[in-house]
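Here is the structure we will look at, set down as structure tokens.
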Amino acid sequence: MLRKIVVTVFILVCFVLQCSVSVALAGIIPNLMIILTSSFGFMRGEREGLLIGFFCGLLNDIFFGGFLGFYALLLMYIGYLNGKFCRIFYPEDIKLPLALIVVSDLSYGIICYILTFMLRGRFDFAYYFLHIILPEALYTIVVTLFFYPVILKVNEKLEGYERKRAQKFV
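Sequential numbering from 104 applies to the sequence shown in the working numbering.
And the structure:
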């Protein structure tokens with residue numbers, strides 16, 4: 104129950120921070136929802152990544168989506184695929200999380216471009232990639248360096264609490 108509350112608070116805080124103008128740099132906003140979804144995906148596995156991705160995407164759909172389900176489905180897939188790396192995840196190594204978050208953010212940007220712009224006849228991919236996708240990915244990397252350790256510490260504390268609680272009942 105405590106994990107559900109903490110994850111819900113994380114999702115809401117990340118959503119509010121991502122929507123606020125205070126974190127925008129030259130009109131580019133880091134994708135905190137990708138950081139959160141990817142982090143919990145490779146820390147906790149496919150199921151947790153899928154669920155967190157769904158709720159992060161659902162918030163995006165409700166407030167910014169043209170129709171319900173696009174971002175939820177996209178972030179679900181991202182969380183699920185990041186969860187596949189749970190078996191090779193080591194908390195002290197930040198290279199894998201950074202690489203997965205960058206790949207996830209670039210994939211997110213490219214898929215959004217293809218399904219929301221290219222299908223409507225806007226074919227200037229180079230401009231979109233250089234002015235939107237790449238700067239967002241770089242900004243997301245920088246924010247990940249500060250935000251990921253917080254997520255990692257909270258996850259470690261929750262796992263310690265869950266282990267201690269499980270030992271009480273055994």
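For glycine and all other residues, C-beta sits at the position ideal for the given N, C-alpha and C.
message: Starting from GLU259, trace the alpha helix (DSSP H) in both directions and tell me its first and last residue.
response: Working through the sequence shown from its first residue, we reach residue 259 at position 156. Here the alpha helix (DSSP H) through GLU259 covers 237 to 271.
- request: Use the C-beta contact count for ILE108: other C-beta atoms within 10 angstroms, 16 or more gives buried, fewer gives exposed.
  value: Within the sequence shown, numbered from 1, the residue matching residue 108 stands at position 5. Counting C-beta atoms within 10 angstroms of its own C-beta, ILE108 has fewer than 16 neighbours from the protein chains shown and is therefore classed as exposed.
task: Would you give the residue range spanned by the alpha helix (DSSP H) that MET179 belongs to?
output: Counting from 1 along the sequence shown, the entry for residue 179 is found at position 76. That run of the alpha helix (DSSP H) goes 173 to 186.
task: Under 7 Å Cβ to Cβ from TYR174, same chain only, skipping five residues before and after it: list those, please.
output: For the purposes of this step, residue 174 is taken as residue 71 along the sequence shown, with counting starting at 1. Correct list, in chain order: GLY160, ASN163, ASP164 and GLY168.
- request: Would you grab the beta carbon distance between ILE137 and SER207 for me? Rounded to a whole angstrom, and I think it's under 8 Å.
  value: On the sequence shown, residue 137 is found 34 positions in, with the first residue counted as 1. On the sequence shown, residue 207 is found 104 positions in, with the first residue counted as 1. The pair is a contact, with the Cβ atoms about 5 Å apart (cut-off 8 Å).
task: May I ask you to report which of helix, strand or coil DSSP gives ASN131?
output: Taking the sequence shown and counting its residues from 1, the one referred to as residue 131 is at position 28. The sequence shown places Ile at residue 131, not Asn. In the three-state DSSP reduction, ILE131 falls in the strand class (E or B).
message: In whole angstroms, give me the CA-to-CA distance for GLY148 and MET221.
response: Locating residue 148 in the sequence shown gives position 45, counting from the first residue. Locating residue 221 in the sequence shown gives position 118, counting from the first residue. Rounded to the nearest angstrom, the two C-alpha atoms are 33 Å apart.
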